[in-house]
Amino acid sequence: MLLYCSLVLAQDDVDVPETERTSKTQSCFPDMWDFLKEFGAMTEKQRVMETRLKDGETRLKDAETRLKDSETRLKDSENQILELKSKEKTVVVFSAAAGGSGHIGPFNTDTTVVYKVVKTNIGNAYSQFTGTFAAPVPGIYYFTFFYHAGGSQRVSLTLIKNNESVVTTYDHTTSHDGADNGGNAVFLQLQQGDQVYVRLGANTHVWGDNFITTFSGFLVSQV
Amino acid sequence: MLLYCSLVLAQDDVDVPETERTSKTQSCFPDMWDFLKEFGAMTEKQRVMETRLKDGETRLKDAETRLKDSETRLKDSENQILELKSKEKTVVVFSAAAGGSGHIGPFNTDTTVVYKVVKTNIGNAYSQFTGTFAAPVPGIYYFTFFYHAGGSQRVSLTLIKNNESVVTTYDHTTSHDGADNGGNAVFLQLQQGDQVYVRLGANTHVWGDNFITTFSGFLVSQV
Amino acid sequence: MLLYCSLVLAQDDVDVPETERTSKTQSCFPDMWDFLKEFGAMTEKQRVMETRLKDGETRLKDAETRLKDSETRLKDSENQILELKSKEKTVVVFSAAAGGSGHIGPFNTDTTVVYKVVKTNIGNAYSQFTGTFAAPVPGIYYFTFFYHAGGSQRVSLTLIKNNESVVTTYDHTTSHDGADNGGNAVFLQLQQGDQVYVRLGANTHVWGDNFITTFSGFLVSQV
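This is the structure we're talking about:
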């Protein structure tokens, strides 16, 4: 009987009809049959689970690699956005008028025009006390200046970058007491700290009243 | 024999040589030995799988946390990009010329110059019917205007922001029927809806022909 | 005895006190009891692990979906950043002065002014040899030009886009040998390759010395 039972353990369980098989096994190990079925199912389930686990681990490893890659790219994108926003936020713009009440000059030496009435000064790069603009960041800047002057004296205005003449405007003495208007404009590539200002030539003059003689500039692009 | 078998179950399977062991067990439970080996292997496999599963769960939890963090950062980056693109897309630029055929003015009161010939009007912020520019978004704007005029009358042009004079250009009557040219420029910080226009002073004139008397502006930066 | 053992297999192991149960089972299968406990624990563990595995697989699938979505969004963000940076990097700016030493003109036909002294030429879109600016990218551009001229001749400068007059500045002959200043500015929407230059009218002149007669432009916005 024991041998029979062991044979049952040994042989495959497919050849014997279910009813007969059950009665026979139950006569010695009534539950061994179920146990073996259970064990077989468990073994099969473990095989399946191992495959699923292996598959899950592979997918997880792949997901981790992709995630790490995404995190690196995301960090890079965040840095680039920060840089774009930082450049966008670097607004440098100024406009100032000479102000005063009447002629500025003539002086017997070249003199920086101090545009005293600030209209706009975003970034605070222009000084209304010295008349000088100092580039807060390296970049391309635009400058333009306009003047009005009576005709009794010459006019000579030169935009200076550090000590270099960039663009100029001037006018001769006009007979019959007419008036002169003029101006100029330029785009300049500046290094941080470069100074730009308008110089009134010796023995020339401009008119300071009514926001008519002006100096303006702005940062076009950081480079 | 059963006891012997049970002993086989009980004792560790390392002491008996493989050949002898197999013959002995097969005499009672021919497959029990294999079964026990299988069960032992299954137990060990389960232990290993559990460790792998636990490890996988830990890694998955970590990946989920990182993924959630990445998603939050990505959303934030997307919003910042949208903001940058929105600002980039807000292009406000106009240029218009006075047009007409001859003198504009003199009028006996201050009069807004209506620059009728639009050269550019991206953003449609300038009205060729009223001569007024209305800021569509808050920001820093640049304005510049130029004029030509015969010398028989004075010229007075003032850039007005709402009701405030910002910059001006003017010229006296010139004897001998000469001609006058002039202009000015300014950067202005505007609120949405602020109105900017050029006012021709009472009893002064400009020349409207040939795109010579112009008014231009653009949005430098949203703030 | 075998039947007894099989009964042990069959019956639930909860009703018999631990000590008695152990002694009884050990009398036939000394380790079967432990084995069965182990098997039961293993079955239960497998059930739990299967639940955890299923749960892990669900979470992994979800994470993979979210990761794929994040990767798509990240790629999209990266492309948008590239576009923003590309536009930011497209800096087109030039300023040039007529140069020379004295009058340019009068000529008996309309002549392009060749501003020979380059002050700035980022993007190399302006040619100091032809005086022509060619738009390297489609966009909104700003141009401004200023001149100085003696009064002995008329002045007529017109900014030309391809063959179309855009804005102009001119001045009459001035008696008493005075001097003339003037300029203009305009924003223009250009297609790639559009050419912009300043034309000196036939029988008119400007002064080329001292960086006083200038031509400048820049790309405001790509569109």
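Protein sequences appear in the order of chains A, B and C. Read in order, the letters of the first sequence correspond to residues -3 to 219 in my numbering. Read in order, the letters of the second sequence correspond to residues -3 to 219 in my numbering. Read in order, the letters of the third sequence correspond to residues -3 to 219 in my numbering. Note that the Cβ used here is the ideal one computed from N, Cα and C, for glycine as well.
9 angstroms is my cut-off, CB to CB: does residue i come that close to chain B?
i, result
"A:Lys157", "no"
"C:Tyr193", "no"
"A:Thr116", "yes"
"C:Asn66", "Here residue 66 of chain C turns out to be Ser, not Asn, going by the sequence shown. Cβ-Cβ to chain B under 9 angstroms: yes for C:Ser66."
"A:Gly197", "no"
"C:Ala131", "no"
"C:Leu49", "yes"
"C:Leu32", "no"
"C:Thr105", "no"
"A:Leu63", "yes"
"C:Phe35", "yes"
"C:Gly213", "no"
Would you mind telling me which residues of chain A sit closer than 8 angstroms to residue i, beta carbon to beta carbon, in chain order?
i, result
"C:Ala93", "Val163"
"C:Val87", "Ile136, Val216, Ser217 and Val219"
Please tell me whether residue i has its Cβ less than 9 angstroms away from any Cβ of chain C.
i, result
"A:Val216", "yes"
"B:His99", "no"
"B:Ala121", "no"
"B:Glu53", "yes"
"B:Thr210", "yes"
"B:Glu60", "yes"
"A:Thr140", "yes"
List the residues of chain A whose Cβ lies closer than 9 angstroms to the Cβ of residue i, in chain order.
i, result
"C:Asn75", "Within 9 angstroms Cβ-Cβ: nothing; C:Asn75 doesn't reach chain A, min ~10 angstroms."
"C:Phe293", "The structure shown does not extend to residue 293 of chain C, since chain C is modelled only from -3 through 219, so no value can be given for it."
"B:Asp167", "His144, Gly174, Ala175, Asp176 and Asn177"
Since residue i and residue j are thought to touch, with beta carbons under 8 angstroms apart, how far apart are those beta carbons, to the nearest angstrom?
i, j, result
"C:Thr209", "C:His168", "The Cβ separation is near 18 angstroms, so there is no contact."
"B:Thr128", "C:Phe183", "Not confirmed; about 17 angstroms, so no contact."
"C:Val192", "C:Leu155", "7 angstroms"
"B:Gly135", "B:Lys112", "Contact flag wrong, Cβ pair sits at about 26 angstroms."
"A:Ala181", "A:Tyr137", "In fact, because the Cβ distance is near 11 angstroms, the residues do not count as touching under 8 angstroms."
"C:Gly189", "C:Ala94", "With 8 angstroms as the limit, C:Gly189 and C:Ala94 do not qualify as a contact, their Cβ atoms being about 25 angstroms apart."
"A:Leu70", "B:Ser66", "6 angstroms"
"C:Phe207", "C:Gly179", "Incorrect: roughly 14 angstroms between the Cβ atoms, too far for contact."
"B:Arg195", "B:Thr108", "6 angstroms"
"C:Ser91", "C:Ser217", "Actually they do not touch by this definition, with Cβ atoms about 19 angstroms apart."
"B:Gly174", "B:Gly147", "4 angstroms"
"C:Ser152", "C:Thr200", "4 angstroms"
Could you tell me which chain C residues have their CB closer than 7 angstroms to the CB of residue i, listed as they occur along the chain?
i, result
"B:Gln42", "Met38, Lys41 and Gln42"
Mind checking if residue i is an interface residue toward chain A, Cβ cutoff 9 angstroms exclusive?
i, result
"C:Gly174", "yes"
"B:His201", "no"
"C:Glu84", "yes"
"B:Thr170", "yes"
"C:Phe207", "yes"
"C:Ser148", "no"
"C:Lys81", "yes"
"B:Asn180", "yes"
"C:Leu56", "yes"
For residue i, go through chain C and note every residue whose CB falls closer than 9 angstroms to its CB, in chain order.
i, result
"B:Leu70", "Ser66, Arg69, Leu70 and Ser73"
Taking 8 angstroms as the cut-off, is the beta-carbon of residue i closer than that to any non-hydrogen atom of the ligand FMN?
i, result
"B:Phe211", "With respect to the ligand FMN, the structure offers nothing, as it holds no ligand at all."
By DSSP's criteria, residue i is part of a beta bridge. Which residues make up the other side?
i, result
"B:Thr210", "B:Ala93 and B:Phe142"
"B:Gln191", "B:Ala130"
"B:Phe183", "B:Tyr138"
"A:Gln218", "A:Gly135"
"A:Trp203", "A:His99"
"C:Tyr111", "C:Tyr111 is not bridged to any residue."
"B:Leu196", "B:Thr107 and B:Leu153"
"C:Thr116", "C:Ser91"
So which residues on chain B does residue i lean against when the C-beta distance must stay under 7 angstroms?
i, result
"A:Met45", "Met45"
Within the stretch 147 to 181 of chain B, note down every full beta strand (DSSP E) run reaching 3 residues or more, in order along the chain.
151 to 157 and 160 to 167
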